[in-house]
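Colleague: In the working numbering, the protein residues as written are -11 to 256. Just passing along the structure, written as structure tokens.
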Ligand code: FES
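This is how it looks when you write it as structure tokens:
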């Protein structure tokens, strides 16, 4: 009978090379880093530019400025009213929603994986040695704040309701009655995808039925859980798609508001 002996002191192979992988493992983190940098740069510029965010004629408000709560918001753009007389230029007009949206995305399980690999190389890829000497996980400040994700989720649901209201307002023609144009449809597609992204969140999946021991006793919650699970399996795709639709919606409204082109109207 074989005796179990103590494990050797060094349980890992002593390989000096950074990696033995020969495939282009660096490509994915490089693409992620490039795309995220472009998106964050674009969003930062338009959030702080302070104009071209609302088209009064059609009630198009970009999600980057919703809700617009500064006293300097253009008339008609403040669906929740003006909370302040004016804000210093360093504070965006949508100061009440952007921290939660940002916190939600930054603490998202998928984005964490993506930007940890892309920017911190922790790890850069499977079977690639990371440059950090120690590993503390997310057990210390500031990364322990990632555990706030579920609370960001609750806030983002409220913000999604507000984004939905913005889309309903965009179904208005210049004479104040029902109407819609290409911008309305872009806003509608964006908000539908934002809902899909938010509801596909791992926290949402857990909330719906994650703690149930017996699905058969909770058929409604189980049914909801199966739908959320279907979305959850597409969470990464939704994370990237919504970054794209957010940028497209904002850019479209920016260009129409700046008078670069007119919104093609489909009805009224
Ligand atoms: S896990 Fe990605 S939004 Fe919650």
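By construction, the Cβ of each residue, glycine as well, lies at the ideal position given by its N, Cα and C atoms.
Can you give me the C-alpha to C-alpha distance between residue 206 and residue 193, rounded to a whole angstrom?
Modeller: Approximately 15 Å, taken between the alpha carbons.
Colleague: Straight-line CA distance for residue 154 to residue 9?
Modeller: Near 49 Å, if we compare the C-alpha coordinates of residue 9 and residue 154.
Colleague: Applying the 10 Å Cβ sphere with the 16-neighbour rule, what's the burial state of residue 92?
Modeller: Result: buried.
Colleague: Nearest CA to the CA of residue 231: which residue from 89, 162, 130?
Modeller: Nearest option by C-alpha distance: 89.
Colleague: Would residue 114 and residue 82 qualify as a contact pair, given that the criterion is a beta-carbon distance under 8 Å?
Modeller: No, they are not a contact pair.
Colleague: Identify whether residue 8 lies in helix, strand or coil by the three-state DSSP scheme.
Modeller: Note: residue 8 maps to coil in three-state DSSP.
Colleague: Considering residue 253, what are the terminal residues of the beta strand (DSSP E) in which it resides?
Modeller: Here the beta strand (DSSP E) through residue 253 covers 253 to 255.
Colleague: Would the region 241 to 254 count as touching the region 40 to 47 if we require 3 or more Cβ pairs under 8 Å?
Modeller: They touch, by the three-pair rule.
Colleague: With C-beta atoms as the reference, is residue 216 less than 8 Å away from residue 187?
Modeller: Yes, they are a contact pair.
Colleague: For residue 222, count neighbouring Cβ atoms within 10 angstroms of its own Cβ and tell me buried if that reaches 16, exposed if not.
Modeller: Result: exposed.
Colleague: Thinking C-beta only, is residue 175 closer than 8 Å to residue 197?
Modeller: Cβ atoms of residue 197 and residue 175: not closer than 8 Å.
Colleague: Grab me the residues of residue 70's own chain with a C-beta within less than 8 Å of its C-beta, minus the 5 sequence neighbours each way, in chain order.
Modeller: Closer than 8 Å at the Cβ level, and outside the excluded window around residue 70, lie 57, 58, 59, 61.
Colleague: DSSP on residue -5, reduced to helix/strand/coil?
Modeller: Note that residue -5 scores a pLDDT of 49, beneath 50, so its modelled location is shaky and nothing firm can be said.
Colleague: Just how far apart, CA to CA, sit residue -8 and residue 200?
Modeller: Unreliable placement is indicated for residue -8, whose pLDDT of 47 sits below 50; the coordinate value is still reported in the next sentence. Those two C-alpha atoms are separated by around 40 Å.
Colleague: Got a sec, what are the start and stop residues for the alpha helix (DSSP H) residue 244 sits in?
Modeller: Residue 244 -> alpha helix (DSSP H) spans 223 to 245.
Colleague: DSSP three-state label for residue 160, please.
Modeller: It is a strand residue.
Colleague: For a test of your reading of the model: does the CB of residue 141 fall under 7 Å from any non-hydrogen atom of the ligand FES? Yes or no.
Modeller: Yes; taking the cut-off as 7 Å, the Cβ of residue 141 has a heavy atom of the ligand FES nearer than that.
Colleague: Residue 163 to residue 237, Cα distance in whole Å?
Modeller: Rounded to the nearest angstrom, the two C-alpha atoms are 23 Å apart.
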